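Letter 18 of the sequence shown, counting from 1, is numbered 4 in this note's numbering, and no numbers are missing. Below: one structure, written as structure tokens.
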Amino acid sequence: EKASADWARKSLTAVRDLPAGTVLSAADLVAQRPGTGLSPDRLGDVLGRRLGRAVAAGTPLISDMLA
């Protein structure tokens, strides 16, 4: 049941490969399934934050990736 809920929910996901140090903008992120990363509701908290490590395209964003 949790697996179904995670799949149905969406996460903020990298649109393209993002190098470490990237300051995140709305153009860098999209809301996609599965919901294993940060919720799109957190977009305002993420914009303007710097990545602490590189993130590959299609990877759900998690808080540990932010510097």
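A virtual CB, placed ideally from N, CA and C, is assigned to each residue, including glycine. Source: prediction; values computed, not measured.
Using 10 angstroms around the beta-carbon of residue i, count the other beta-carbons present and answer buried if the total reaches 16, otherwise exposed.
i, result
"Thr22", "exposed"
"Leu33", "exposed"
"Thr50", "Per the sequence shown, the amino acid found at residue 50 is Asp instead of Thr. So Asp50 counts as exposed."
"Ala(-6)", "exposed"
So the candidates are the options; which of them puts its Cα closest to the Cα of residue i?
i, options, result
"Ser11", "Leu(-2), Arg39, Asp50, Thr45", "Leu(-2)"
"Lys(-4)", "Arg2, Val9, Pro26", "Pro26"
"Leu37", "Ala17, Pro20, Ala53, Val16", "Ala53"
State the start and end residues of the unbroken alpha helix (DSSP H) segment that holds residue i.
i, result
"Val32", "29 to 32"
In terms of residues, what are the limits of the beta strand (DSSP E) holding residue i?
i, result
"Ser(-3)", "-3 to 0"
"Leu52", "Neither: Leu52 is in no beta strand (DSSP E) and is coded neither H nor E."
"Val16", "15 to 18"
Who pairs with residue i in a beta bridge, going by DSSP?
i, result
"Leu37", "Leu52"
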